[in-house]
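Right, one structure below, let's go through it.
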Amino acid sequence: MSERIKQNKILIGIIALAIIARLTVSTSPAIAVIGKAFPQASATQVESVATIGDVAAVISALIFGKLLARWTFKRLAIISVSILALGGLTPLFWHNNIENLLLAGFIAGLGAGGITTLLPSLQSYAYQGEQLANMLGRVVALENGSSMILLFLGGILASQSWLHNYYLFALTLISLPIVILTLPAQHPGQSDDFTTVTDNNSGKHTFLIIIYLLIASSMVFLEAVLYNKNALYIQHFNLGNPTLAGKIMTLDSGAAIIVGLTIKWFRQFFKQYLLAVCFALTCLGGTLMLVWPSIISIAVATFLIGTASATMLSTIPYILSSLTTPQRFPLVMGCFSAFTSLGFSSSAFIFNHLVPLFNPNLLQGTYQLQIIIAAVLALILFLGSHFFNYKKL
């Protein structure tokens, strides 16, 4: 089998994984409806139905990142997809209380965390250089394209019954045989036919790697406000029903599709200021939500923040790939997945506990805090990029 055929075969497996990588977000449009179905549950519990999977993803990302040094891509992909299927389909039969949904979401998150850790490692295994940078962007576009469709379908299903959202996890049963047939029975540490990225400075950039991981985590922490609050925002201002929440959230994924296909030009235009621009866009989006409650403002804000997040999550893995060796890259990406998952999953908890300290209006205070954090980080990154010699994008 030629190298090109092997590469295309792996690409099919990557596509199968990317399509289901964001399945856990499909419950987001149902948050308001789930809250009504379980009135005894707290606001944090209800919001955590859509985010608790990211708590589990923190754990699984670190575990899978380490296991990739010993186990094969195929084995870990099978395990990840199977766990995602188990957690996602369980609520169809077991949904007596909010705790059941939280446990199922946690299990699904374990599988999703494994998938998000595998994907960049698979890409770095099969591609290199500018080809790798472009592929990372395209896979982000694919992930978000499927996420956009899932959110749209989730909004439609939530308007019928919140339980119907979990039918979408049946997609895992289609992806499973595909990854079995296409992914290689090798791991990054093994000799293979592909030329991989080398880094003679491996081990000297630990501090810089941690900085980039924290930046990515902060971005996802702020983006999670969309998933935690959009449905509640629409309900609070009587802007529409759960279907509208699903449609609005597709703009987050739509922005990521555009970014994924054009990331090369984004990097060339903004250069070292790209990450600072991402937080500036987030600040602008939060400001729109705060001062202008309308369908237009929430749509534009969602698109802006989605653009910022997708740009950052496409750029930082590429930077990390040049800061470490191919053998260490899976572990670094495991940390990347863990940091971003922790940022997403902790968002609701942190905002819901910090906001009451300065504003009794939880919804309004959330956007105020989001704006402050984004503005501070944008300023720090702008000054840092201007005065210090950071890694070129």
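If you're matching positions, the sequence shown starts at 0 in numbering that gives the first Met the number 0 and goes up one per residue.
Note that the Cβ used here is the ideal one computed from N, Cα and C, for glycine as well.
- The DSSP assignment places 328-353 as complete runs of the alpha helix (DSSP H) inside the segment 326-375, in order along the chain (cut-off: 4 residues).
- In the three-state DSSP reduction, Ser293 falls in the coil class, being neither helix nor strand.
- Phe278 sits close to Leu380, with the two beta carbons spaced by under 8 Å.
- Residue environment: Glu222 is assigned as buried (16 or more neighbouring CB atoms within 10 Å of its CB, all protein chains considered).
- Between Ser174 and Val80, the C-beta spacing is below 8 Å.
- Look at the beta carbons and you see the segment 41-53 not touching the segment 65-81: under three pairs across the two are nearer than 8 Å.
- Bounds of any alpha helix (DSSP H) do not take in Asn240, whose DSSP letter is neither H nor E.
- In this structure, DSSP gives Ala184 a state outside helix and strand, which the three-state scheme calls coil.
- By the neighbour-count criterion, in which 16 or more other beta carbons inside 10 Å mark a residue as buried, His352 falls on the exposed side.
- Residue Leu319 holds the alpha-carbon nearest to the alpha-carbon of Phe206 among Thr306, Leu319 and Leu182.
- Selection Asn229, Ile155 and Tyr211 evaluated against Leu312 yields Tyr211 as nearest (Cα-Cα).
- Contact between Gly342 and Phe220 holds: CB atoms are separated by about 4 Å, below the 8 Å threshold.
- If only uninterrupted alpha helix (DSSP H) runs of at least 4 residues are considered, those enclosed by the segment 17-51 are 30-36.
- The beta-carbon separation of Pro325 and Leu67, rounded to 11 Å, does not stay under the 8 Å limit for a contact.
- A straight-line Cα-Cα distance of about 48 Å links Gln130 and Asn360.
- Here Val331 has Ile208, Leu319 and Thr323 as same chain residues with Cβ atoms under 7 Å from its own Cβ, once five neighbours each way along the sequence are excluded.
- By the Cβ-count criterion, Glu2 is exposed, with fewer than 16 other Cβ atoms from all chains shown falling within 10 Å of its own Cβ.
- Two segments are said to touch when three or more pairs of C-beta atoms, one from each, lie closer than 8 Å; by this definition the segment 281-296 touches the segment 221-239.
- DSSP places Thr89 outside any alpha helix (DSSP H), giving it a letter other than H or E.
- The C-beta distance from Val299 to Leu287 rounds to 6 Å, short enough to fall under 8 Å.
- Counting along the chain, Ala157 sits inside the alpha helix (DSSP H) bounded by residues Gly128 to Gln159.
- Closest by C-alpha distance to Tyr124, out of Ser384, Ile9, Thr261 and Lys65, is Ile9.
- Under the three-state reduction of DSSP, Arg266 is assigned to helix.
- Taking all protein chains in view, the Cβ of Phe265 is crowded by 16 or more other Cβ atoms within 10 Å, so the residue is classified as buried.
- In this structure Ile262 is buried. Its beta-carbon is surrounded by 16 or more other beta-carbon atoms within 10 angstroms.
- A Cβ-Cβ contact shorter than 8 Å links Thr43 with Ala347.
- Taking C-alpha positions only, Asp53 is separated from Leu61 by approximately 12 Å.
- If you draw a 10 Å sphere on the C-beta of Pro176, you find fewer than 16 other C-beta atoms in it, and that means exposed.
- Taking a contact as a CB-CB distance under 8 Å, the pair Gly259 and Ala309 counts as one, their CB atoms being some 6 Å apart.
- Taking a cut-off of 8 Å on C-beta distances, the segment 88-102 does not touch the segment 146-158, as fewer than three cross pairs fall below it.
- If one requires a minimum length of 4 residues, no alpha helix (DSSP H) run lies completely within the segment 100-125.
- Ala300 sits in a helix when the DSSP states are folded into three classes.
- Excluding five sequence positions before and after Leu376, the CB atoms of its chain that fall closer than 7 Å to its own CB belong to Ser217 and Phe278, given in chain order.
- By the beta-carbon neighbour count (other beta carbons within 10 angstroms, threshold 16), Lys228 is buried.
- Of the residues Ala230, Gly34 and Leu118, the one whose Cα lies closest to the Cα of Ile11 is Leu118.
- Comparing alpha-carbon positions, the option among Phe37, Ala103 and Glu98 lying closest to Leu85 turns out to be Ala103.
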